[in-house]
Each structure stands twice: as C-alpha cells, then as structure tokens.
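Taken in order, these protein sequences are the chains called A and B.
Residue 294 in my numbering sits at position 294 of the first sequence, and the numbers go up by one each step.
With the second sequence counted from 1, adding 1000 to any position gets you my numbering.
Just so it is clear, CB atoms sit at the ideal spot from N, CA and C, and this is done for glycine as well.
No experiment lies behind these values; they were computed from the predicted model shown.
Have a look at the structure below, then the notes.
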Amino acid sequence: MDLSFLVVVVIVTALVFDFTNGFHDTANAMATSIATGALKPKVAVGLSAVLNLVGAFVSTEVAKTISSGLVDDTKVTVPIIFGGLVGAILWNLLTWYVGLPSSSSHALFGGLIGATWIAAGSGAVNFGTVVQKIIVPAVAAPIVAGVVALLGTYLAYRITARARKKSVDDGFRVGQIASASLVSLAHGTGDAQKTMGIITLVLITSGSLAQGSRPPLWVIFAAGLAIAAGTYLGGWRIIRTMGKGLTEIESPQGFAAETSSTAVLLASSHLGFPLSTTQVCSGSILGAGLGKRLAEVRWTVAGRMALAWLFTLPAAAIVGALAGRVANSGNLGVALIAVLAVLAGGGIYLASRRKPVTSANVNEYPSTPAAASATAAV
Amino acid sequence: MHINWSGLGEVALVSLIFGVGLAVVFALGVTAMARRAVAIDEKRPTPMLDTAVASLCFAACLAAVLYGLYLIIPQFH
C-alpha cells in the first residue's frame, strides 16, 4: 500500500480526533457514577474504556459518506477532511481545558462545514440539513432527556421516601453501574465508527481501497484502541463539571439520569432521530438535579455549557476553514497546519497542568476558594 | 427543509415510557429490598411479599438491560 504524505497525516489526525473524542465523552457515561461513589474513578474509566473497545468491534457498519449530507460530499477532498479534523480536535481540547462537555460530532461537522465552505463555496453546504440534523436535535436532546430524568428522579424519591436510606443508596448504586455500562457500550458502537468511516473513506479516495470497501482490520483496531485509550485517560475536568459542578448528585438521581440517558439514546438511534450523546447526558443530569429540589442546579454552569454548545459548530468551522485552506496548498501547507495544531494542543495541555484535575481530586468542586465564593454569590 | 416532528415525538414518548418506567420499577424493587433488609436486621421472618416484589422488579430491569444490549449490538438483528 503506497500512501501519500497527506493520507498518512490525515489518518494520524483522525486517530488523534478519536482519542480526544474518547476522553471528552467519558463524562457522559461515567460522571454520575463517579460522583455518587458507585464506581471508583479509575475503575469507572477502565470499565468505560473496555466497553468502548468492545463497542468498536461489535459495530463496524461505517457511514457511506463523511458528513451524512451536511455538505455536498462530492466536493469533500482529503485536505478538507484534514482541516475539519484539526478544527474539531482544537475545539475538543479547548472545551476540555475549561471543563465543558460539548459534542465531538458537532465539532467534527463544524470543522468539515467550515473547510468545505471555504474550498467549494457556500453552495456546497446544505444549510437546511444543518438545521434539521444538528440544530433541532441539539435543542430537543437536553429537553427530552431532562424531562425524563426529572420525572424519574421525582418518582424514585417519592417511592423510596420511607425506606432505609442506606439500602436505597446501595441499591441505586448497583443500578447505576448497569446503566452507565450501556451508555459506554452504545458510545463505542457509534463514535469509534465515525473515525473508522473517515479513515476508510480517505483510503478509498486515495485509491488504496476499492469503492465500497469495509474498514480493514487495522483500521478497526486503531480506531477502537484510540477511543479506548482516550476514555481511560479520562477527561477529569469534564467529569468534574458534569458530576459535581452542575448539581450535587445522589445515587437515586444518578440512576435516574443514567437510565434517562440510556432510554433516550437507544430510542433516538433506533427510531431514526439521532440525538447527540453529550446533550442527552447533560440534560439528564440537569433534570435529575431539578427532580430533587429546584434550587440545586447551578444555572451559571448550565449556562456556560449551553454557550459552549452554541459555539461548537461555528468555532470548529472557523478553525476548520483556515486549516483546510492552508492544507489545500500542498504538502507544505499540511505540514504547517500539523505543526501549528500540535503546538496549540501542547499549549492547552501545558496550561491544564497548572491546575490539574485527576482521578484523585475529580470529586472536589469547586476547586478553589475563589470559585467557591463565586458560586456562593449566585 | 423538513423537520421530522413525528419522529421526535415518538422518541420523546418511548424515552418517557422506558426511562421513567424503569426508574419507578427499580425504585419499587429497591424499596422492597430495603424492607426485607430491615426485617432481617430485626430478626423477623423475611416477608414473602417483599422478596417477591423485589425479584419481580429486578427481573424486569434485567430484561430491559438485555433488550438494551439487543438494540446496541447489530449482530442480533
């Protein structure tokens, strides 16, 4: 197999994206289980990583097109894909640094839209499809999941009100592990696939694979391992926000939230109205907070989260557009963007080391006295 | 532009039934288990009804988990 420099760079970039996708999304499945103590932090990310890996192997039915119709897929070239991936990776790193969950798929689509727009004009972007497949689901997901979790939490507390608290808490903790595992498995079957799809389509475009090929075994391995490694690393900053920052979670709430997420995600993917995992899980946690007592939700955190969702698509699109534009100029441009992306990523990583969040301090929120007084003030 | 409102409604309804339903069933099971645990602690005979309710509820939840696995794993369908 004779691969060009560009193709090799794009494959590596796709795997890096997959890795960021993993650690960005660990929180979706595991944040509440970690917060309530149902699972020890390291055990939670380990379990989630294994299930993501299993999920990657179980489902290798990759998409036939890169953007599922958001852009004119005939106009998508390998440099555009590269630009889109760079935009998505940088947005994932930036949101991880500030500890906010945001949808990795939206970041990827944003990057692709931006890169395609600059390369092939606005005509190549299907704005109607963007509204239909991204904006409407992004608004609907947290509402649906939030209402389900709210009702579930409210009823769970009502039903168990007079039972012995310790037995109840222990019972719900066990239940949480089951529902969190299902979310992790579903995540692996969906998100690892995306990277497999990108690599496979790049290999097809470059003539290394025949049209309509399924992903080769090494692609499945690489994508599965990248997402599992990312998951195991654990996006502790995001886990803390979702498990502790948004609301104080007790095990009945954690269970109601996880069950709501699982139900909404499975219903949405099997009834043909896909909803983003991140938005579903955040909505569930919010709902679980509201279901117990209205005042318990930190709305400033929820507001910042909503803001991050609003900016995901345009921010990734701008970076994707710039990166795609430069990459289009040839190997030198590709190398330049790769170096810049590594520098930016390294910078964000170094910045994160100043106040690291790890498995040891993930359940301490707020982390500093300054943040504590800020939260107390609102 | 076409927005699939009925699809969204269907997702919302199914999620509501399963998501809330499971939370209720599990909570009933947990409550029965808690009553059973209290009886054991107080050296009373374990109430048959609580044991039966708990088993039934947890069996229903297990069935839901298995159905979830069936939906997630494409080889099953």
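Buried/exposed call for residue i, threshold 16 Cβ in 10 Å
| i | result |
| --- | --- |
| S282 of chain A | buried |
| K40 of chain A | exposed |
| V78 of chain A | buried |
| G1029 of chain B | buried |
| K64 of chain A | exposed |
| P356 of chain A | exposed |
| L1055 of chain B | The residue you asked about is not Leu; residue 1055 of chain B is Ser in the sequence shown. The residue in question, S1055 of chain B, is exposed, as its Cβ has fewer than 16 Cβ neighbours within 10 Å. |
| A1052 of chain B | exposed |
| H1077 of chain B | exposed |
| L1062 of chain B | exposed |
| P215 of chain A | buried |
| Q279 of chain A | buried |
| E364 of chain A | exposed |
| Q211 of chain A | exposed |
| G128 of chain A | exposed |
| H1002 of chain B | exposed |
| V131 of chain A | exposed |
| P137 of chain A | buried |
| A1017 of chain B | One detail in the question is off: residue 1017 of chain B reads as Ile in this sequence, not Ala. Exposed. |
| F5 of chain A | exposed |
| A360 of chain A | exposed |
| S122 of chain A | exposed |
| A1012 of chain B | buried |
| K194 of chain A | buried |
| T399 of chain A | With chain A represented from 1 up to 378, any question about residue 399 of chain A goes unanswered, as that position is not in the structure. |
| S329 of chain A | exposed |
| A370 of chain A | Residue placement at A370 of chain A is poorly supported in this model, since its pLDDT is 43, which falls under 50; the coordinates still yield a value, given next. Per the 10 Å Cβ criterion, exposed. |
| T300 of chain A | exposed |
| A1064 of chain B | buried |
| E250 of chain A | buried |
Span of the alpha helix (DSSP H) around residue i
| i | result |
| --- | --- |
| D25 of chain A | F5 to T36 |
| S213 of chain A | Premise fails: S213 of chain A is in no alpha helix (DSSP H) and is neither H nor E. |
| Q132 of chain A | Where Q132 of chain A is concerned, there is no enclosing alpha helix (DSSP H), given that its DSSP letter is neither H nor E. |
| D72 of chain A | From DSSP, D72 of chain A is part of no alpha helix (DSSP H); its letter is neither H nor E. |
| K1043 of chain B | Segment: none, K1043 of chain B is in no alpha helix (DSSP H) and carries neither H nor E. |
| L246 of chain A | Taken as a continuous stretch (DSSP letters only), L246 of chain A belongs to no alpha helix (DSSP H), as it is neither H nor E. |
| V362 of chain A | Element bounds for V362 of chain A: n/a, residue is neither H nor E. |
| P381 of chain A | Given a span of 1 to 378 for chain A in the structure shown, any question on residue 381 of chain A remains unanswerable. |
| A44 of chain A | P41 to V58 |
| S181 of chain A | K165 to T205 |
| Q279 of chain A | T277 to K292 |
| A351 of chain A | N331 to R354 |
| F109 of chain A | S104 to A120 |
| L271 of chain A | That residue, L271 of chain A, is in no alpha helix (DSSP H); it is neither H nor E in DSSP. |
| V125 of chain A | Note, V125 of chain A: premise wrong, no alpha helix (DSSP H); not H, not E. |
| P79 of chain A | V78 to Y97 |
Integer Cβ distance of residue i from residue j, believed to fall under 8 angstroms
| i | j | result |
| --- | --- | --- |
| A228 of chain A | A49 of chain A | 4 angstroms |
| E1010 of chain B | L151 of chain A | The Cβ separation is near 18 angstroms, so there is no contact. |
| L275 of chain A | A141 of chain A | 4 angstroms |
| T231 of chain A | T26 of chain A | 5 angstroms |
| Q253 of chain A | S33 of chain A | Actually they do not touch by this definition, with Cβ atoms about 12 angstroms apart. |
| V99 of chain A | R240 of chain A | For clarity, residue 99 of chain A is Gly in the given sequence; the question names Val instead. Between R240 of chain A and G99 of chain A the Cβ distance is about 6 angstroms, and since that is below 8 angstroms, they are a contact. |
| L93 of chain A | I337 of chain A | Incorrect: roughly 15 angstroms between the Cβ atoms, too far for contact. |
| R164 of chain A | A1027 of chain B | Not quite, the Cβ-Cβ distance comes to about 14 angstroms (not below 8 angstroms), so this is no contact. |
| G291 of chain A | F57 of chain A | Rounded, the Cβ-Cβ distance is 36 angstroms, inconsistent with contact. |
| D72 of chain A | A124 of chain A | 4 angstroms |
| L3 of chain A | S213 of chain A | That pair is no contact at about 15 angstroms. |
| R237 of chain A | W96 of chain A | 6 angstroms |
| V168 of chain A | T116 of chain A | V168 of chain A to T116 of chain A, Cβ: 52 angstroms. No contact. |
| G234 of chain A | V147 of chain A | At roughly 29 angstroms, the Cβ-Cβ gap does not stay under 8 angstroms, so G234 of chain A and V147 of chain A are not in contact. |
Using Cβ-Cβ distances below 7 angstroms, what residues of the region 1025-1041 of chain B are close to chain A? Answer in chain order: F1026, A1027, L1028, V1030, T1031, M1033, A1034, R1035, A1037 and V1038.
With 7 angstroms as the C-beta to C-beta threshold (strictly closer), list the residues of the region 267-281 of chain A near chain B in chain order. Per Cβ criterion, the list reads A267, S268, H270, L271, G272 and F273.
Per the contact definition of three or more C-beta pairs closer than 8 angstroms, is the region 1066-1073 of chain B in contact with the region 195-208 of chain A? no
Can you find at least 3 beta carbon pairs, one from the region 1034-1043 of chain B and one from the region 283-290 of chain A, that sit closer than 8 angstroms? Touching, no.
Is the region 258-272 of chain A in contact with the region 174-193 of chain A, if contact means three or more CB pairs nearer than 8 angstroms? yes
Does the region 105-117 of chain A come into contact with the region 341-350 of chain A, if we say contact requires no fewer than three beta-carbon pairs (one atom in each stretch) closer than 8 angstroms? Contact between the region 105-117 of chain A and the region 341-350 of chain A is absent: fewer than three C-beta pairs spanning the two stretches fall below 8 angstroms.
Below 7 angstroms between beta carbons is the criterion; list the residues of the region 1005-1027 of chain B that meet it against any residue of chain A, in chain order. Listed by position, the residues of the region 1005-1027 of chain B near chain A (Cβ gap below 7 angstroms) are G1007, L1008, E1010, V1011, A1012, V1014, S1015, L1016, F1018, G1019, V1020, L1022, A1023, V1024, F1026 and A1027.
Beta carbons nearer than 9 angstroms to chain B: which residues of the region 123-135 of chain A have them? F127, G128, T129, V131 and Q132
Stretch-stretch touch, CB-based, cutoff 8 angstroms, three pairs: the region 14-29 of chain A with the region 94-108 of chain A: yes
Examine the Cβ distances between the region 80-93 of chain A and the region 311-330 of chain A and report whether three or more of them are shorter than 8 angstroms. yes
Cβ-based contacts, 7 angstroms cut-off: residues of the region 164-181 of chain A near chain B: Answer in chain order: R164, S167, V168, G171, F172, G175 and A178.
Which residues, taken in chain order from the region 1054-1072 of chain B, show a beta carbon closer than 8 angstroms to some beta carbon of chain A? C1061, V1065, G1068, L1069, L1071 and I1072
When you check each C-beta in the region 40-72 of chain A against every C-beta of chain B, which residues fall closer than 7 angstroms? The region 40-72 of chain A vs chain B, Cβ under 7 angstroms: V58, S59 and E61.
Could you name the residues of the region 7-20 of chain A whose beta carbon sits closer than 8 angstroms to any beta carbon of chain B, in the order they occur along the chain? The region 7-20 of chain A vs chain B, Cβ under 8 angstroms: nothing.
Against chain B, which members of the region 231-255 of chain A pass a CB distance test of less than 9 angstroms? P252 and F255
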